[in-house]
Amino acid sequence: MTRLGSAVATAVRFGLGGRVGATGPRPTGELVLYEFEACPFCRKVREALVWLDLDVTMRPCPPGGTRFRPERVPPFPQLVDDGQLIRESSVIVRHLVERYGDGHVPLALRLGPLTTLSSGLASLALPRGRAIASEAPAQPLELFADETSAEARQIRQWLCAREIAYRWRTCGRGSAKLAELAERTGRAELPALLDPGQGVDVRGAGAAVAHLQRTYGR
Ligand SMILES: N[C@@H](CCC(=O)N[C@@H](CS)C(=O)NCC(=O)O)C(=O)O
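Under our numbering, the first residue of the sequence shown is numbered 12, with each subsequent residue one higher.
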């Protein structure tokens, strides 16, 4: 999706996915999300994760995928919260805001069919291509990014199409993780892809995708 396309998608979604909102207690266990980039229902969950400033292990399940799809029966998204499986995007969003927020679902996520329609519009331009073969990283990748940036989306799309799991450190406006990133790496630039197995820290979609293609592409 182009920068303009991404901006339009963000506008259609009232900017959700770009900023942190009302956060509450932090998870004590791991959050794992089975999803794919072009799925509008998955977008709703990604937006909620940014809103709540939550980190999540992404297990991409693109159409035709063989790496993580066999672990779950469609449809997606599906969230595993500390071992508890939750299905249905609206149920997942409600679970997240009740447990990790102030209990209130943001307006753009509680408009029923309108939410589905606008999330569908926002996801319209995304390719629904089938999974592409790749090598799996030996150590998990970390991506510091929000939901809305076109550059972040390009990186997520590449990882999703290749079924590469990664730790998504959601980093919307207002997240303290930007300061954490700056402290750890000396740079506060987003999106940031950290590949500890290769000792690599790359910023921006071009450099990140080039690194991924070189290292894990087939
Ligand atoms: N009501 C479900 C709908 C989810 C859904 O239809 N997901 C589609 C992708 S957009 C899916 O997983 N389809 C089956 C597949 O891709 O194998 C929700 O809100 O989570």
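All C-beta atoms in this analysis are idealised placements derived from N, C-alpha and C, irrespective of residue type, glycine included.
Whole-angstrom distance between residue j and residue i, CA atom to CA atom
| i | j | result |
| --- | --- | --- |
| V43 | R180 | 12 Å |
| R225 | L128 | 37 Å |
| H222 | K188 | 23 Å |
| R80 | C72 | 5 Å |
| E200 | R214 | 7 Å |
| W169 | C50 | 15 Å |
| M69 | P85 | 16 Å |
| S186 | L132 | 27 Å |
| C171 | G75 | 12 Å |
| R173 | A144 | 6 Å |
| S134 | A163 | 14 Å |
| R98 | R167 | 22 Å |
| G228 | T77 | 16 Å |
| F155 | P202 | 6 Å |
| L192 | D64 | 14 Å |
| V211 | T196 | 11 Å |
Proximity test, residue i beta-carbon vs ligand 2 heavy atom, cut-off 6 Å
| i | result |
| --- | --- |
| F52 | Looking for ligand 2 in the displayed structure turns up nothing; the ligands present are ligand 1. |
Helix, strand or coil at residue i [DSSP, three-state]
| i | result |
| --- | --- |
| R121 | coil |
| L60 | helix |
| S130 | helix |
| P71 | strand |
| R110 | helix |
| R98 | strand |
| L135 | coil |
| G217 | helix |
| V104 | helix |
| L90 | strand |
C-beta contact flag for residue i and residue j at 7 Å
| i | j | result |
| --- | --- | --- |
| L204 | A219 | yes |
| E46 | F87 | yes |
| V67 | G28 | no |
| A136 | G16 | yes |
| R57 | E153 | no |
| V31 | G183 | yes |
| V116 | V102 | no |
| S130 | K55 | yes |
| P151 | R110 | no |
| F25 | S100 | no |
| G208 | P148 | yes |
| D93 | G40 | yes |
Every unbroken beta strand (DSSP E) inside the segment 15-48 [3 residues or more]: 42-46
Beta strand (DSSP E) runs wholly inside the segment 179-215, at least 3 long, in chain order: 203-206 and 211-214
Complete runs of the beta strand (DSSP E) confined to the segment 137-185 [at least 3 residues]: 152-156 and 177-181
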